[in-house]
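K.L.:
Take this structure first; my questions come after.
In the numbering used here, the protein residues as written are 3 to 400.
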């Protein structure tokens, strides 16, 4: 018997969506309120709402399976082509799709496309042979292998088998375990059609008999060591990081429930701007994300982004991304970034927004210049980046 597709409703991030009372079961409303209050503002039908449901995403996009029968799809306000461009920079995919190919797709189709690429490339790597490495192993053997445990041999001379320490070359290493766990998570998402799901299952089953299935967070995909023998794993782990970072609470291997897929757009905007600047900032500057400034052993600040001089290592700009579009800069944001600038002895503080503000900011407080600048997400990202960079560094852009 064919399984029925779940009922879905669609909303767009930061936009109020209204639904008739009978569209959303009250039990589903309770689950949204209990489990996703941080992601979605929800107001139950009442006199104030004219007996309708009110829902608004708090800067989150993706798919939430509230129950197996009821899903919420949250679409980005950013054009889908630009959302992919942001992901491409932030996760360093470096995937060059033909121009316009992503433009007509949905977020779910982008998810499926990336899952297909990951599964296909894992299968290709399995055909070539998985990367293997030497891992330390201790085992009792009837012969000497590697280093003999002399102490035990002396203490228990009657034992026939000898305790040996040696290195064994194996494919059951973290590089490959991350791939298997990510495929497991994708398989639980329910976001892929049968064609891609089949490829994901094939890739997973190929790995299943070779590597241990164990859980990983996205952090395991960062700052890994790549060289001639495993260079192609860099893209594989970048894709794994995307899926693991944006998948809901981790599920154990026996849990059959579907997991939510959610992208925090504020975090993505910060990652994207940081990586775009890292690639495109003129020579002579360095870019550092999540810059930590230690005041004393008990207190430190973490600044979104800093831009500094490579030779002197002096911070010249502190930057803070704001994925929101108010009419004007909030006083609290000004106070915060001025504090950051003072902390690193910097005279330029920049607040970055995805759209032009009705009341842009350019003030002097003390000896610090505070400005609001725009890195737009509405048009071509590279052109928007150049416009932003020209405003930020007008004397250094040719």
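Even glycine gets a Cβ: it sits at the ideal position worked out from N, Cα and C.
Give the secondary structure of residue 7 by DSSP, where H, G and I count as helix, E and B as strand, and everything else as coil.
P.N.:
DSSP places residue 7 in coil when its eight states are reduced to three.
K.L.:
Does any residue of chain B bring its CB to less than 7 Å from the CB of residue 123?
P.N.:
Among the chains of the structure shown, chain B does not appear; only one protein chain is present.
K.L.:
State buried or exposed for residue 198, treating a residue as buried only when at least 16 other CB atoms are found within 10 Å of its CB.
P.N.:
By the 10 Å Cβ count, residue 198 comes out buried.
K.L.:
What's the call for residue 149, buried or exposed, on a 16-neighbour Cβ count within 10 Å?
P.N.:
Result: exposed.
K.L.:
Taking residue 286 as the reference, give the member of 193, 264, 311 and 362 with the closest Cα.
P.N.:
Ranking 193, 264, 311 and 362 by Cα distance to residue 286 puts 311 first.
K.L.:
Determine the burial state of residue 392: buried for a count of at least 16 other Cβ atoms within 10 Å of its Cβ, exposed for fewer.
P.N.:
Flag for residue 392 reads exposed.
K.L.:
What residue range does the alpha helix (DSSP H) around residue 87 cover?
P.N.:
Taken as a continuous stretch (DSSP letters only), the alpha helix (DSSP H) holding residue 87 covers 82–92.
K.L.:
For residue 22, which beta-bridge partners are listed by DSSP?
P.N.:
Paired residues: 54.
K.L.:
Residue 191: buried (16+ other C-beta within 10 angstroms of its C-beta) or exposed?
P.N.:
With 16 or more Cβ atoms within 10 Å of its Cβ, residue 191 is classed as buried.
K.L.:
Suppose the cutoff is 6 Å on Cβ atoms and the five residues either side in sequence are ignored; what does the same chain contact list for residue 33 look like?
P.N.:
Taken in chain order, the residues that qualify are 68.
K.L.:
Measuring straight from C-alpha to C-alpha, what distance separates residue 383 and residue 137?
P.N.:
Cα to Cα, the separation comes out at about 44 Å.
K.L.:
Name the one or two DSSP bridge partners that residue 319 has.
P.N.:
Answer is 309, bridged to residue 319.
K.L.:
Quick one: any contact between the region 61–81 and the region 107–127, if contact means 3 or more CB pairs under 8 Å?
P.N.:
As far as the Cβ criterion goes, the region 61–81 touches the region 107–127, which means the pair count is three or higher.
K.L.:
For residue 345, which three-state DSSP category applies?
P.N.:
Helix at residue 345.
K.L.:
If contacts are defined as beta-carbon pairs under 8 Å, then residue 2 and residue 151 qualify, I think. What distance do you get, rounded to the angstrom?
P.N.:
In this structure the chain extends from 3 to 400, so residue 2 is not present and cannot be described.
K.L.:
Excluding the five sequence neighbours on either side, which residues of its own chain have a C-beta within less than 6 Å of the C-beta of residue 45, listed in chain order?
P.N.:
Excluding positions up to five away in sequence, the list reads 51 and 56.
K.L.:
Distance, Cα to Cα, residue 227 vs residue 132?
P.N.:
Roughly 16 Å between the two C-alpha positions.
K.L.:
Pick out whichever of 274, 20 and 219 has its Cα sitting closest to the Cα of residue 250.
P.N.:
The shortest C-alpha separation from residue 250 is found at 219.
K.L.:
Can you give the Cα-Cα distance for residue 247 and residue 89, rounded to whole angstroms?
P.N.:
Cα-Cα distance, rounded: 12 Å.
K.L.:
Pairs of beta-carbons, one from the region 74–93 and one from the region 268–285, closer than 8 Å: are there three or more?
P.N.:
Yes: at least three Cβ pairs fall under 8 Å.
K.L.:
With 16 as the cutoff for other CB atoms within 10 Å, does residue 42 come out buried or exposed?
P.N.:
When all chains shown are included, residue 42 counts as buried.
K.L.:
Could you tell me the distance, in whole angstroms, from the CA atom of residue 22 to the CA atom of residue 183?
P.N.:
When rounded, the distance between both Cα atoms is 40 Å.
K.L.:
Please say whether residue 351 and residue 320 have beta carbons closer to each other than 7 Å?
P.N.:
In this structure, residue 351 lies closer than 7 Å to residue 320 by Cβ.
K.L.:
With a threshold of 16 other CB atoms inside 10 Å of the CB of residue 30, please say whether the residue is buried or exposed.
P.N.:
Answer is buried; the Cβ neighbour count reaches 16.
K.L.:
Please report the distance separating the alpha-carbon of residue 143 from that of residue 123.
P.N.:
If you take the alpha carbons of residue 143 and residue 123, they lie about 38 Å apart.
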